[in-house]
Structure formats: structure tokens, C-alpha cells
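K.L.:
Counting from 4, one number per residue, gives the positions in the sequence shown under the working numbering.
The structure that follows is given in the form of C-alpha cells.
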Amino acid sequence: MKQFTQLFQAIDATTSTHEKVRSLQAYFQIADPADQVWALYLLLGKTRRRTITSRVLREVFLQVSDLPEWLFQDCYAQVGDSAEVIALLLRDVPLPAQERHDRPLHQWLEQIIPQAKAAETDQERQQLVVSWWAALDNTEVFVLNKILTGAFRVGASAKLVIKGLAAATGVSEPVLTHRLMGDFTPTVEFYQRLTSLEATQQAPSQPYPFFLATSLDEAKFQQEEPADWLAEWKWDGIRAQMIKRADQVFIWSRGEDLVTPQFPELVAALEPFPNGVVLDGEILAWQGGTPLPFNHLQKRLGRKRVTAKIMAAHPVHFIAYDLLEEQGNDIRDLALSDRQARLRALLDGTDSDRIHPSQPLAFESFAELAALRSQARQQGAEGLVVKAVDSPYLVGRKRGFWWKYKVDPISLDAVLIYAQAGSGKRANLFTDYTFALWQGDTLVPFAKAYSGLDNREINELDKWIRRHTLERFGPVRSVEPSYVFEIGFEGIAQSKRHKSGISVRFPRILRWRKDKPAAEADSLETAQALLAQFL
């Protein structure tokens, strides 16, 4: 545990990408493989159920300390993280004498921590946790608490972790990225296959790393030759890969979630395809040849079983963008034009009403491309994706090959009515906001937003919130309805769950409208009229 905690401290102590990678490389060169694979699992944020909730940890701490709960809550309000608050406060709490020891990380995760789940009583669980705290230093306690609650995060992206591992093992970053797609069981055997310099056989279900578009720079792109590019609609669905291997079908989301059970009709549509096929595309709620609002798709997500009734009410479709594997061969290095020609030939040979290829959109100038973009919402799309016809299918975001050219967000001017402190580094600042629209003389909440202001604006608004609080509801403050903000969002839909009757997709603050009094903010009627345009 100590070695892993030192790695955590080294990463947390610097903003230098080079230093983070160097620390990761050093760890993967000297740690035991049984520890390395668990460290990799934690650093990549792979799904891990929490062993103990933050609430239970807090109760254990309050029972072994003399600290009143109100004071703990005040400390939490300053720090914004229960795991860190407990680790800091334990410095002044006399715990039962316990021999300090440095058990390896894999032993903690495979043998020690699971004891908490097996504990038969709350008292037995409390004694275990206290004994663990007593055997560790404060930073180790913090790391342990984060692991226990399933909330371990570190200041290094998956890309940096893979870069450090590549430097330590000599295996290239693209190969490691591919081998790490999806979940994995953190065993020494897996780690040896992962870091082998020889080709390893992939599991039938394993997807490829997704290639992502970057935002288009209009000024630079106008210098490009239109014939070298093709445009497609940027659909607002779930980016996914559909795989047919070993007579089985697998569907992976871009977030590396296996979502096969949620789309049985797509599974049935891919089953007649030959083995060794991987399609990259978008899952959309779809009816009558047009996409449905995203909230239809949300009805399918997270379900272990999808009924015939749900399938009928929220039908789905797969728009295929690309062919990544053909007859079991990885064809990602081929030009996009070649891959898409093979995709069309494959789909022409099937009789599926659930899977169709994306249709290229012709343009001969940037003005024509911009005109296409302006039509996106009428098509139910977010904008365009513009791709170089000779581009290979790469990993992650690589500038210069694929561009996203999104329409400007929909927006409404709304009044700030509630504020709540953030978490982590923003625990001391009010950064989570609720906005409302007018309905007659009443303000009705319609959206929450957490991003869009710069640090100067956040600090200015935080000071104002503290001086103009009307009421407190736990961590939430009601504030004077004085300030107007332009709230941007990607979509709007009807909602029975919200008091306003509408829900918006990806809300964020576009600007602080200091030029506009609260009385001139938009109304719920304006939002409903906006909604009618998208129905």
C-alpha cells in the first residue's frame, strides 16, 4: 500500500504531464506484478463496487472520536470529501494500538478489504475499519477510504496512465489501449498478457478504442480542398461498436460499457452477419425514418432486461459510420473511403431494417458546408462530422483527421435562484447553480448548471451569494432572484419528472447577463414554444 500511496502523492503533487508519466513509469518498473495490475485497475477508474459507504465511514469516525457531528459537517463543507476529512481529523484521534505494517496493495484488495463485506455485524465492521486506520499513516488512510467507498480518483488521465505503462514495458500505447478496452479481471495472468511484446489473442467481445473528432477551426478549415473531405450528420445518440465474433454479438458504448442486453433488436439484426465484423456507429431512438428525442433512448439505458413494450415505445436504430474489422482482419489502417466502401458492400448484402450506413453529404465549398450545418436541427442532428477521405481509424482525439462542426447551442435567459457549494477543490465555493424561468409572477426551476464561468466570475458570484442568501436548506442556499444568465443546451424535451414540464440536455452557462434585469428573463411559455419546434 505504501508504494502505491507514494505514487498517488507523486501524481497529485505536480501539474507536469512529464513528471506524472515519469512517476507512473517508475512504479510500473519496480512494483510487484500483482500490485501493478491492481494499481492499473484503480488508476483507470474501472468499475468497482463500493465496500463501505461514505456515511458508514463517517459514523465509524464519529464513534471513535470526540468530535460532534456539526463540527465534522463544517469540516466537510471546507474540504468537500469525506475520505479526506476523516484522514485529516484522525491525526488528533487516539486509536487503539496497532502495529504499523506495509502489506502489498493486492493483499489489501484481495484479502483484507473483502473482510468488511463478510463482517456479520456493524460492530465487527467498525473494529475492522478502525484497525486498518490505526495501521496506516494519514495519506494511506485517505487512499484506503477512497478505495473503500469506490470513489478512487487520481490526477492522471487514462491516456497518461497508458503512456507511463508503455514507457515501462515497451508495448506501444495503441496496443495497450486496445488490450485494455472493456473491463478486465486484475490478475497477474492478465497483466502478463497485457504487457507481452508478442501478439496476444483478443477475447471475442473486445472492442477497439474509439476514434474521436475534435472541434473544427473554421478559419483554418476554409483553406482545405473540399474534395479531400466528406461530411456526415452528427447524431445525438450513443456512440457504439457492434461486434460479431465466434457466433456471438456484443455491443459496447464509447464509455466502455457492455450494453448488449439493452438493445436485443440490434443483437438480432447483427446475428445474420458473418463472424469477424466490427461496426462503429451511433445507436439512436428511431421511428418512421427519423430520430426521436434522446430521452426515448434514456428509457433503454441501465436495464438488464428490455421488454417488448419498451422496445415498441422506444424503438432503436444503428447508423453505421465505419467498418473496423472485416472477416476477422483489423482494417483500421485503410483509408476511410476504402473502409466505407467495404461497409456499404457488407450492408448491401444483408436484409436489415435496423442497421443502415451513414449517408455522406456533398459539399463543394465551405459556404455549402456551413449551410448544411444550419440544417442539422431539422434533421434531428447536433451538427456535422467532417472526415478526411484518406484518414485511418486512429485512437482517441487526433487533430487534423476528423472534425466536429456542431450547431450553436439552444439558449434561454434564466434567473439564478439556488446555489450549492462544489466538491473537492471547489468545496469552499458556490459553483453549483439552479436557474428558473418565469411563469406569470413565479420563478419555476428548469435547469442546473455547473460550468461556463471563469475563476474570476466564480469568485465574484460566490461573494455575492454569501451576501444575498435568503434561506438555507442544508447545503443549498436560496438567493435573491437578481442575476440573469444565458443557459445553453443541446436539446429540449417534455418531462413529467420536472416541475417545469421540460428537461434540457447538457445545460451550461454561456454568459452572465449583467445587462439584463431579472424581470426580462425568459418565461416558461418561451421554453414551451421552443420545445414545440423540436416535436
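C-beta: ideal position from N, C-alpha, C; glycine also.
A quick note: this is a predicted structure, and the numbers were derived from the prediction, not measured.
Tell me whether residue 431 sits in a helix, a strand or coil according to DSSP, three-state version.
P.N.:
Coil, per DSSP.
K.L.:
Since I believe residue 450 is in contact with residue 524 (beta carbons under 8 Å), could you give me their beta-carbon distance rounded to a whole number of angstroms?
P.N.:
That belief does not hold up - the Cβ atoms of residue 524 and residue 450 are roughly 12 Å apart, past 8 Å.
K.L.:
Helix, strand or coil: how does DSSP classify residue 359 here?
P.N.:
Reduced to three states, the DSSP call for residue 359 is strand.
K.L.:
So the candidates are 410, 321, 291 and 242; which of them puts its Cα closest to the Cα of residue 271?
P.N.:
Checked all of 410, 321, 291 and 242; the closest Cα to residue 271 is 321.
K.L.:
Would you mind giving the Cβ-Cβ distance between residue 257 and residue 279, rounded to the nearest angstrom? I have them listed as a contact below 8 Å.
P.N.:
In fact, because the Cβ distance is near 22 Å, the residues do not count as touching under 8 Å.
K.L.:
Leaving out five residues on either side along the sequence, give the residues of the same chain with a beta carbon under 8 Å from the beta carbon of residue 119.
P.N.:
Cβ neighbours of residue 119 beyond the five flanking positions: 54, 55, 128, 131, 132 and 151.
K.L.:
In the structure shown, what three-state DSSP assignment does residue 299 receive?
P.N.:
Helix.
K.L.:
Where does residue 294 fall in DSSP's three states?
P.N.:
The answer is strand: DSSP assigns residue 294 an E or B state.
K.L.:
From 442, 527 and 210, pick the residue whose C-alpha is nearest to that of residue 415; which is it?
P.N.:
Among 442, 527 and 210, the Cα nearest to that of residue 415 is on 527.
K.L.:
Output the distance between the C-alpha atoms of residue 283 and residue 245, rounded to the nearest integer angstrom.
P.N.:
If I take the Cα positions, the gap works out to 7 Å.
K.L.:
Among 149, 371, 287 and 276, whose alpha-carbon lies nearest the alpha-carbon of residue 265?
P.N.:
The shortest Cα separation from residue 265 among 149, 371, 287 and 276 belongs to 287.
K.L.:
From which residue to which residue does the beta strand (DSSP E) around residue 476 run?
P.N.:
Looking at the DSSP string, the run of the beta strand (DSSP E) that includes residue 476 is 472 to 476.
K.L.:
Output the distance between the C-alpha atoms of residue 2 and residue 473, rounded to the nearest integer angstrom.
P.N.:
Given a span of 4 to 538 for the chain in the structure shown, any question on residue 2 remains unanswerable.
K.L.:
Going residue by residue through the segment 18 to 72, where are the continuous alpha helix (DSSP H) segments of at least 4 residues, counting only ones entirely within it?
P.N.:
Runs found: 20 to 33, 36 to 46 and 57 to 67.
K.L.:
Check whether the Cβ atoms of residue 157 and residue 11 sit closer than 8 Å, and answer yes or no.
P.N.:
Yes, they are a contact pair.
K.L.:
Answer yes if the segment 406 to 414 comes into contact with the segment 382 to 389, meaning at least three C-beta pairs across the two stretches below 8 Å, and no otherwise.
P.N.:
Yes: the two stretches touch, three or more of their Cβ pairs being nearer than 8 Å.
K.L.:
Please state whether DSSP places residue 437 in a helix, a strand or coil.
P.N.:
Reduced to three states, the DSSP call for residue 437 is strand.
K.L.:
Indicate whether residue 307 and residue 317 have their beta-carbon atoms separated by less than 8 Å.
P.N.:
No, the pair does not count as a contact, with Cβ atoms beyond the cut-off.
K.L.:
Report the option in 105, 125, 81 and 67 whose CA atom is closest to the CA atom of residue 97.
P.N.:
Nearest option by C-alpha distance: 67.
K.L.:
Say whether the segment 156 to 176 touches the segment 12 to 30, bearing in mind that this needs 3 or more beta-carbon pairs closer than 8 Å, one atom from each stretch.
P.N.:
Yes, the segment 156 to 176 touches the segment 12 to 30.
K.L.:
Given this structure, state the Cα-to-Cα distance separating residue 217 from residue 191, to the nearest angstrom.
P.N.:
The straight-line gap from Cα to Cα measures roughly 37 Å.
K.L.:
Just how far apart, CA to CA, sit residue 424 and residue 503?
P.N.:
Straight-line Cα distance between these residues: approximately 24 Å.
K.L.:
Buried or exposed: residue 335, going by 16 or more other Cβ atoms within 10 Å of its Cβ?
P.N.:
Residue 335 is buried by the Cβ-count criterion.
K.L.:
I'd like to know whether the C-beta atoms of residue 452 and residue 516 end up nearer to each other than 8 Å.
P.N.:
No. Outside cutoff.
K.L.:
Can you name the start and end residues of the alpha helix (DSSP H) that residue 220 belongs to?
P.N.:
Segment: none, residue 220 is in no alpha helix (DSSP H) and carries neither H nor E.
K.L.:
Would you give the residue range spanned by the alpha helix (DSSP H) that residue 242 belongs to?
P.N.:
No alpha helix (DSSP H) contains residue 242, which is instead part of the beta strand (DSSP E) from 241 to 248.
K.L.:
Check whether the Cβ atoms of residue 338 and residue 392 lie closer than 8 Å to each other.
P.N.:
It is a contact, given that the beta carbons lie within the stated cut-off.
K.L.:
Assuming contact is defined by CB atoms lying nearer than 8 Å, are residue 16 and residue 30 in contact in what I supplied?
P.N.:
The answer is no: Cβ separation not under 8 Å.
K.L.:
Does the CB of residue 300 have a neighbour CB from chain C at under 8 Å?
P.N.:
Chain labels in this structure do not include chain C; a single protein chain is all it has.
K.L.:
Just to confirm the assignment, what range does the alpha helix (DSSP H) spanning residue 136 have?
P.N.:
Per DSSP, residue 136 belongs to the alpha helix (DSSP H) from 125 to 137.
K.L.:
Which of the three DSSP states, helix, strand or coil, is assigned to residue 167?
P.N.:
In this structure, residue 167 counts as helix in the three-state DSSP scheme.
K.L.:
On the DSSP bridge list, what partners appear for residue 334?
P.N.:
DSSP, once it has assigned bridges, lists no residue as partnering residue 334.
K.L.:
In terms of residue numbering, what span does the alpha helix (DSSP H) encompassing residue 196 cover?
P.N.:
From DSSP, the alpha helix (DSSP H) with residue 196 extends over 191 to 197.
K.L.:
Taking the beta strand (DSSP E) that residue 505 belongs to, which residues open and close that run?
P.N.:
Here the beta strand (DSSP E) through residue 505 covers 505 to 508.
K.L.:
For residue 148, count the other beta carbons within 10 Å of its own beta carbon; 16 or more makes it buried, fewer makes it exposed. Which is it?
P.N.:
Per the 10 Å Cβ criterion, buried.
K.L.:
Going by C-alpha distance, which of 479, 496, 332 and 468 is nearest residue 485?
P.N.:
Measuring from the Cα of residue 485, the nearest candidate turns out to be 468.
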